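Heads up, the thing below is written out as C-alpha cells.
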Amino acid sequence: MHSRMKRSYSLWLLPFLLVTALPAQAEYGLNFPPPATTIARDIYNVHMLTMGISTLLLIGVFGVVFFAIWKFRKSRGYEPDQNFHKTWFGTWSWIFVPAVVLGIDLTIASSAQKVLNKLWVVPEQEGMLDVKVTGHQWYWEFEFLDEEVRIESRAKTEEEAGELYLRDVDHRLVLPTGRPIRFMHTSADVNHAMWVPALGFKKDAIPGYITETWAEIDTEGVYRGQCAELCGTWHAKMPIVVEAVSPERFTEWVAEAKAAQAAADAEAAADIEWALPKLMEKGKGLYNTKCASCHQINGEGLAPAFPPLKDSAIATGPAAAHIDIVLNGKPGSAMPPWKGLLNDLEIAAIVTYERNSWGNDTGDAVQPRDVKAAR
Amino acid sequence: MSQHNDTPSSHYFVPEPSPWPFIAMFAMFALLAGTALIINDIGFGNVLVTLGALLLTYMLYGWFRDVVGENLSGQYNHQVDRSFRQGMYWFIASEVFFFASFFGALYYIRNIAVPWLGGAGYLGTSALLYSQFTGDWPTAGPGDLGGDLTPMGAWGIPALNTMLLLSSGATLTWAHWGLKLNNQKTLVRGLIATITLGLLFVGFQAYEYQHAFAELNLTLASGVYGSTFYILTGFHGMHVTLGAIMLIAILGRSMKGHFSPRNHFAFEAVAWYWHFVDVVWLGLFIFVYMV
Amino acid sequence: MSTTASALHSEHEHHPYGWRRWLFSTNHKDIGTLYLLFALTMFFLGGLSAMAIRAELLYPGLQMLDPDLYNNILTNHALIMIFGAVMPAGAGIANWMIPLMIGAPDMALPRLNNLSFWILPAAAMMLVLSFIVPFFPGGGTQVNTGWTLYPPLSVQVGMSMDFLIFAIHLLGISSVLASINIIVTILNMRAPGMTMFKMPIFCWAWFVTAFLLILVVPIIAGGVTMLLFDRHFGTSFFNAAGGGDPVLFQHLFWFFGHPEVYILILPAIGALAQVIPAFSRKPLFGYKSTVGSMLVIATLGMVVWAHHQYTIGMSLGTVSYFMIGTILISIPVGLIIFNFIATMWRGAMTFETPMLFATAMVLLFSFGGLTGVMLAVIPADVQYHDSMFVVAHFHYVLIPGAIYGLFAAVFYWLPKWTGHMYDEKLAKIFFWVNMISFNITFFPQHFLGLAGMPRRIIDYNVIFAEFNFLSSVAGLIYGFSHLLFLYIIIKAIRGGQQAKNKVWEGATGLEWELPSPPPFHSWETAPKIK
Ligand code: HEA
Ligand code: HEA
Ligand code: CUA
Ligand SMILES: [Cu+2]
Numbered sequence: 002m003h004s005r006m007k008r009s010y011s012l013w014l015l016p017f018l019l020v021t022a023l024p025a026q027a028e029y030g031l032n033f034p035p036p037a038t039t040i041a042r043d044i045y046n047v048h049m050l051t052m053g054i055s056t057l058l059l060i061g062v063f064g065v066v067f068f069a070i071w072k073f074r075k076s077r078g079y080e081p082d083q084n085f086h087k088t089w090f091g092t093w094s095w096i097f098v099p100a101v102v103l104g105i106d107l108t109i110a111s112s113a114q115k116v117l118n119k120l121w122v123v124p125e126q127e128g129m130l131d132v133k134v135t136g137h138q139w140y141w142e143f144e145f146l147d148e149e150v151r152i153e154s155r156a157k158t159e160e161e162a163g164e165l166y167l168r169d170v171d172h173r174l175v176l177p178t179g180r181p182i183r184f185m186h187t188s189a190d191v192n193h194a195m196w197v198p199a200l201g202f203k204k205d206a207i208p209g210y211i212t213e214t215w216a217e218i219d220t221e222g223v224y225r226g227q228c229a230e231l232c233g234t235w236h237a238k239m240p241i242v243v244e245a246v247s248p249e250r251f252t253e254w255v256a257e258a259k260a261a262q263a264a265a266d267a268e269a270a271a272d273i274e275w276a277l278p279k280l281m282e283k284g285k286g287l288y289n290t291k292c293a294s295c296h297q298i299n300g301e302g303l304a305p306a307f308p309p310l311k312d313s314a315i316a317t318g319p320a321a322a323h324i325d326i327v328l329n330g331k332p333g334s335a336m337p338p339w340k341g342l343l344n345d346l347e348i349a350a351i352v353t354y355e356r357n358s359w360g361n362d363t364g365d366a367v368q369p370r371d372v373k374a375a376r
Numbered sequence: 060m061s062q063h064n065d066t067p068s069s070h071y072f073v074p075e076p077s078p079w080p081f082i083a084m085f086a087m088f089a090l091l092a093g094t095a096l097i098i099n100d101i102g103f104g105n106v107l108v109t110l111g112a113l114l115l116t117y118m119l120y121g122w123f124r125d126v127v128g129e130n131l132s133g134q135y136n137h138q139v140d141r142s143f144r145q146g147m148y149w150f151i152a153s154e155v156f157f158f159a160s161f162f163g164a165l166y167y168i169r170n171i172a173v174p175w176l177g178g179a180g181y182l183g184t185s186a187l188l189y190s191q192f193t194g195d196w197p198t199a200g201p202g203d204l205g206g207d208l209t210p211m212g213a214w215g216i217p218a219l220n221t222m223l224l225l226s227s228g229a230t231l232t233w234a235h236w237g238l239k240l241n242n243q244k245t246l247v248r249g250l251i252a253t254i255t256l257g258l259l260f261v262g263f264q265a266y267e268y269q270h271a272f273a274e275l276n277l278t279l280a281s282g283v284y285g286s287t288f289y290i291l292t293g294f295h296g297m298h299v300t301l302g303a304i305m306l307i308a309i310l311g312r313s314m315k316g317h318f319s320p321r322n323h324f325a326f327e328a329v330a331w332y333w334h335f336v337d338v339v340w341l342g343l344f345i346f347v348y349m350v
Numbered sequence: 105m106s107t108t109a110s111a112l113h114s115e116h117e118h119h120p121y122g123w124r125r126w127l128f129s130t131n132h133k134d135i136g137t138l139y140l141l142f143a144l145t146m147f148f149l150g151g152l153s154a155m156a157i158r159a160e161l162l163y164p165g166l167q168m169l170d171p172d173l174y175n176n177i178l179t180n181h182a183l184i185m186i187f188g189a190v191m192p193a194g195a196g197i198a199n200w201m202i203p204l205m206i207g208a209p210d211m212a213l214p215r216l217n218n219l220s221f222w223i224l225p226a227a228a229m230m231l232v233l234s235f236i237v238p239f240f241p242g243g244g245t246q247v248n249t250g251w252t253l254y255p256p257l258s259v260q261v262g263m264s265m266d267f268l269i270f271a272i273h274l275l276g277i278s279s280v281l282a283s284i285n286i287i288v289t290i291l292n293m294r295a296p297g298m299t300m301f302k303m304p305i306f307c308w309a310w311f312v313t314a315f316l317l318i319l320v321v322p323i324i325a326g327g328v329t330m331l332l333f334d335r336h337f338g339t340s341f342f343n344a345a346g347g348g349d350p351v352l353f354q355h356l357f358w359f360f361g362h363p364e365v366y367i368l369i370l371p372a373i374g375a376l377a378q379v380i381p382a383f384s385r386k387p388l389f390g391y392k393s394t395v396g397s398m399l400v401i402a403t404l405g406m407v408v409w410a411h412h413q414y415t416i417g418m419s420l421g422t423v424s425y426f427m428i429g430t431i432l433i434s435i436p437v438g439l440i441i442f443n444f445i446a447t448m449w450r451g452a453m454t455f456e457t458p459m460l461f462a463t464a465m466v467l468l469f470s471f472g473g474l475t476g477v478m479l480a481v482i483p484a485d486v487q488y489h490d491s492m493f494v495v496a497h498f499h500y501v502l503i504p505g506a507i508y509g510l511f512a513a514v515f516y517w518l519p520k521w522t523g524h525m526y527d528e529k530l531a532k533i534f535f536w537v538n539m540i541s542f543n544i545t546f547f548p549q550h551f552l553g554l555a556g557m558p559r560r561i562i563d564y565n566v567i568f569a570e571f572n573f574l575s576s577v578a579g580l581i582y583g584f585s586h587l588l589f590l591y592i593i594i595k596a597i598r599g600g601q602q603a604k605n606k607v608w609e610g611a612t613g614l615e616w617e618l619p620s621p622p623p624f625h626s627w628e629t630a631p632k633i634k
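Chains as they are written, first to last, in my numbering: chain A, 2 to 376; chain B, 60 to 350; chain C, 105 to 634.
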C-alpha cells in the first residue's frame, strides 16, 4: 500500500539505531522531526543525551546478565557461592550502587535543568508577537492580539488533503521567523494541547485558564503537529500547520488577512435582503466546515453523541428556536455557542441551509437581521 | 503457643463459611447502580436503591450478629482481638485520607486555582479572560455562578457545634471509663449523653443548611465556595450520622451487658471512629469556617 | 528453617463442599483461587479490547470502530487490565501465599477477605454496564475519556460515566479492605520466631503495597466523587467559571495514579525476589537493601505525581522539583535490579519457566524504567508527552514488569496450588512466543511517538502506517499466545505429574514444607522457625 513500508521493515530490528538515529534518518520516522528553534534543538540534545545514557546502561545490564547466564549455570557445573552476599561487596553495595546511580541522575538532571530554564520562562522582551491559541472541539482558533487578526484552522477532508490527511489544514498559522512569539493557550470546551514538534513545545489548553509558551523560529518552512490531549470524538482530527515566513512576508500576510476580514464584516453588516439560493450556497460551505464534524455532511449526525438535523424538530420547527440554539449552544453538551465565532450573515446562511437541506423543506430564508435581533 | 492448642482460646479463630460477603455484593451493586439510574432520571432506579438498602441492612445485621455471637461464646482469643483492633486503625486511616482529598482540593482551590484566575503568577489568565475578577475568598468564581452569596460565619452554629462535638468526645471517654470500672450505669449514661450530643449536632447542621439555602443563597451551585463548603461539611455530617447509628448499636449492646472491662473491642472501635469524626470537625471548623 | 509439619492433624478437616465452599468461603486459599480466576477472566477481557485497538490501528483510516467506541474500548482496556487483572492477580497470590509463608492458619480477617473479593464482580458488572449502556436507547454518549477521566471531557459524557465512577468506588473499597487484611495478617499472624526481617520479600512487597493502597485509593475516590458532584449537583470543582480548576482533578488522579504504578509493580518485584534465589540456588543478595528500597520507592512514589502533568502550566520551581524527584526513583529501583543481578551472579542457575520470565522481567523492565527516566526529563517530555512513546514506556513496565512478574509467580507456585506439575515444554514455548512478539509489538511504538504520533487517536496519517502495521500484526500474535497460557493452566489443574512438597530444588521458605496442594487449614499448628 505504501512504498515507505518496505524500507523500514528491516530497521526496527536494530535497536542501536536509537543511538545513531540522527536527523538524517528522520525521514524514516525514527526520531524527532528536524527542529526549527534553538530550544527545540537543545531539547533534541537532551533527548539524545538521556537516550544515550539509557542505552549504555541497558547494554551494561544486558551484558552482565547474559554473561551471568552463560557462566553461572548449573548445567556447566558451576557451584553456587553461598557467601557472595556476605563479602565486602555484599556489605557495601547498598551504598555505592545508589551513589553511582545518583551521579548519573544528577548529570541528567543538571543538563535538563539548563534547557528547562530557557524553555519554561517566557522572556520579557520588546516586540513579542502575542498569539492566543484557543482549542475547540475540533478545530483551532488563532488570534494575533496586537494585529487583530483571527483565523480558524480546520483539518482538510481526506479528498482535499490526500497523503497529508490528518496533517493538513484549511488555514495555516502563519508566523514570522526571527521574532520571539508568545503563545497563550486556552480552550473553549475541554482540554486540548498544541503540539508542533519542530517548535519544541507542547502545552495544554485548559478552559478558563491561560497557559503560556514561547518560540523563536529560525528557519522558514512548514511544520506540522497535532492536538495531543484527548478531547473527545475527533481528537485525531485536530492538526496544526505552522508556516514560518520572513518578517516581510508576514506583514503582508497580516494585511491581506485584515482586508479579507473587513470585507466579510462589511458584507454581513449591509442591510440587504438575501435571496434563498445565495444563502444556501454560502451556508453549504460554512456548514460543511463548521458543523459537519458533528452533525455530518448528510445531516444525519452520529448517534448517540450528535443528533441529526435532518427531520429534526428544531431544524424544521420555528426559526427562532433554531437560531437560538446555534447562537447559544446547549450547555452541558458538545454543542458550542457560535455567537462569538460567526457573524450574523454566516449564522443566517447556515440556519437557512439546515432548514432546506436533506429533505428539510421549510423554505425559510433566514436574514442576518433576524439573527441580529436574537443576539 | 503450639503446646496448648487444645484450649479453644489459643487457637486462631477462622470462621465457618459465611453468606454475608456474597450478599453484600448484590446489595452494593443494587445500591450504586440504582443511584446511577436515579441521578439520570431513570425510573426504576429507586426500586433498585430500596432493594439494595434493605439488603445491605440485612447483611450488616446478620454479619454483626454472627460476630457478636462468636465473641460472646468466647471463640476469640487475644490475637483475634488484636486483628480487629489493627483492622479498625487502618480503616480509619483510609477514611482520614478520604477527607484529605477534600481538604487538599480546598487547599488547591484557595491557594492556586483562585489566585491564578485572579491574575496571580506568571500567566495572563485574568488579563485576557476576566478583567473584573480579583480572586478573593470566598468566591463563586469569575462567572459568579449561583448569584450573590453570603458566606457562612464561624461564630454562630458552627461554634456551637464545635462545643457539642467536643463535649460528646468527653462524655464518650466518661462512658469508657465507666466500662473499665465495670460501672454499667456510667457506661449507659455516658453513651446516651454522647448520642444526644451527636444528634443535636446533626440537627443543627441540618438547620444550618436550610438557613444557607433559604437565606444566604449558599447552595451546592454557588461556585467553588459552595462546592467545597458542602462537600466537606456534607461528608462529615454523613460520618457523624453513621457514627451516631453505631453508637446506638453499642448502647443497645451495653444495656444487654455484652461488654466486660477486658473485652469490649466493639465499644472501642466505635469510640475511635467518633473521635476521628471529632478531629475532622476541628479541621473543618478551622479551614472551612474560620480561615 | 524446619517445621513440625508432621504434627498437622488433618482428621478434623471438615471443609465445606459444593457451591457454598466457593460463594461463602472464609478460606484464604479458596479466596485466592477466586481472585486468580477473576483476574484471568479480566485479563482476557482487557486483552480482547487491546486486540480491538490493535486491529483498528492496523491500517490508517477507520476500519471497524467509530471514534467514540474506540475511546470507550481504550478506557475499558486500561481500567480492566489495571484494576481487574493485575491488582486482583496480585491480591490472589497474596491470599494464597502470605499465610503459607509466614506460618499462619489463614488471613487475619477471613470474612472481610471474602468481602473484598466479592466486591470485585459487582465492580466488574458496573464497568460492563458503563460500556454497554450507551447502546440502549436514551443511554447517552460513550465514555470517551481514556482511563484518566479528565474533566471537562468527562463532564460531557452521558450516564455511562456515572456507572464508571461507581465502579471505581467499588474497586477502591475492595482494594482498601484487602490491604487492611494483608497488613493485619503480616503484623499479627506471623508464627513465633518469624520476625519481620525473616519474612520472605514477597510478604514485604505486599506489606508496602498495602500501605500505598490505603493512602492513595481514598484520594481517587474523593476525586471521582467530586466529578460526580460536578456532573449532577451543580458544583464547580473543575469548572473555571465557578472558580474551580480542571487541573485539580489531574492532581487528585495522579496523586493516586503514580503510586498506583508501584502498586502494580511491587508485588511482581516481590515474586521475583522469591523466584530468582530459588533458581540461582543461593540466598537473595541484599535482603535489607531490597526492603529498604521498596520503602523508599513507596515514599518517593507518593510525592512525584505531577510528572504526568508537565504540560499543564506549573511554575518553573514546581516542575523542577517534580523532575528531580522522579529521576531519583531510579536509585531504589536500580538497587533492586542490581540485587537481582547480584543474586544470579555466582549462582548455579537453571532456566525453568519461572526463571525465564524472571530474567526477562529484569532485562525488559529495566528497559521500560529507563524510558521512564527519559520521560521524567521535562524538556524532552514536552515532546514525548501524550505520544505513542509514553504508550511504549508503560507497556514495557506493565507487561514485562507487572505481568511477567505475575507469570513467574504463577509458574513458580502453580504446582503448589494445584498439586500438579505444569507442562514445562509448552510453558517454555509460551515464554518465547510471548516475549518475542511482545517486543515486536511495543518496540516500534517508541519510534511512532518520537516521530509525532499522539496517543489515543483512532486514525493516523500514512507516515505512521508501517510501524503501526508491524505493531498490530505482532500484537495479534502476542494476544493469541495467551491462549496457550490458558491451555497450560487448565492442563495443570486437571492433572499431571504429582508435585512434591518442595517442587524446586533451590526453593526455600515455609510454603515448601506443606504438601502440594496444602491442607485446607494451612498451618493449624504454628511451625517452628529456626
Ligand atoms: C508498572 C508500572 C510503571 C512503572 C514501574 C513505571 C516507572 C516509571 N515511570 Fe512510568 N508510567 C506508567 C507506568 C509505570 N511507570 C504508566 C501506566 C504511565 C502512563 C499513564 C497514562 O498517561 O495513561 C506512565 C507514564 C510515565 C510518565 C509520564 C509521561 C507522560 O505522560 O508524559 C513519566 C514521566 O516522568 C514516567 C516516569 C517513570 C519513571 C521515572 C519510572 C521509574 O520508576 C523507573 C525506574 C527504573 C529504572 C530507572 C530502570 C532500572 C534502573 C537501573 C538499570 C539503574 C540505572 C538507572 C539510571 C541511572 C537512570 N512514567
Ligand atoms: C496492566 C495493564 C495493561 C496491559 C496488560 C495491557 C496490555 C496490552 N495493551 Fe494496553 N494500555 C494500558 C494498560 C495495559 N495494556 C493502559 C493503562 C493504557 C492507556 C489507556 C488510555 O490511554 O487511557 C493502554 C493503552 C493501550 C494502547 C494505546 C492506544 C492509544 O493510545 O490509542 C494500545 C495500542 O497498541 C494498547 C495495546 C495493548 C496490547 C496489544 C496489550 C496486550 O498485552 C494484550 C494481550 C492480549 C491478551 C492477554 C488476550 C488476548 C485475547 C484473545 C487471544 C482472545 C481470546 C478470546 C477468548 C478467550 C474469548 N494498550
Ligand atoms: Cu483537541 Cu485533542
Ligand atoms: Cu508516574
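Every residue gets a Cβ at the ideal spot worked out from N, C-alpha and C, and that includes glycine. None of the values given here were measured: they were computed from a predicted structure.
{"Item": "Nearest chain A C-beta to residue 175 (chain B) closer than 8 Å, yes or no?", "Value": "yes"}
{"Item": "Residues in its own chain within less than 8 Å of residue 50 (chain A) by CB, not counting five upstream and five downstream?", "Value": "109, 112"}
{"Item": "Would you say residue 300 (chain B) reaches chain C, if we count a Cβ-Cβ gap shorter than 8 Å as a contact?", "Value": "no"}
{"Item": "Could you name the residues that DSSP lists as bridge partners for residue 156 (chain A)?", "Value": "A:170"}
{"Item": "Excluding sequence positions up to five away, which residues of its chain have a Cβ less than 8 Å from the Cβ of residue 116 (chain B)?", "Value": "none"}
{"Item": "With three or more C-beta pairs closer than 8 Å as the rule, is the stretch 252 to 271 of chain B touching the stretch 313 to 328 of chain C?", "Value": "no"}
{"Item": "Secondary structure at residue 335 (chain A), three-state DSSP: helix, strand or coil?", "Value": "coil"}
{"Item": "Please check if any C-beta of chain C sits within less than 8 Å of the C-beta of residue 198 (chain B).", "Value": "yes"}
{"Item": "Ignore the nearest five residues each way along the sequence and tell me which others in residue 339 (chain C)'s own chain have a CB closer than 6 Å to its CB.", "Value": "333"}
{"Item": "Which residues in chain B sit within 8 Å of residue 222 (chain C), going by Cβ to Cβ distance?", "Value": "80, 81, 83, 84"}
{"Item": "Can you pull every residue whose C-beta falls closer than 5 Å to some heavy atom of ligand 6, listed in chain order?", "Value": "This structure does not include ligand 6; its bound ligands are ligand 1, ligand 2, ligand 3 and ligand 4."}
{"Item": "Using the beta-carbon of each residue, which ones in chain B are nearer than 7 Å to residue 225 (chain C)?", "Value": "84"}
{"Item": "Are the CB atoms of residue 346 (chain A) and residue 338 (chain A) nearer to each other than 8 Å?", "Value": "no"}
{"Item": "Going by the beta-carbon positions, is the gap between residue 346 (chain C) and residue 200 (chain B) smaller than 8 Å?", "Value": "yes"}
{"Item": "Check whether the Cβ atoms of residue 257 (chain B) and residue 302 (chain B) lie closer than 8 Å to each other.", "Value": "yes"}
{"Item": "Based on Cα-Cα distance, which residue from C:264, C:570, C:270 lies nearest to residue 326 (chain C)?", "Value": "C:270"}
{"Item": "Which residue's Cα is closest to the Cα of residue 179 (chain C): C:252, C:458, C:301, C:245?", "Value": "C:252"}
{"Item": "So for residue 471 (chain C), helix, strand or coil by DSSP?", "Value": "helix"}
{"Item": "The alpha helix (DSSP H) that contains residue 435 (chain C), what's its start and end?", "Value": "434 to 448"}
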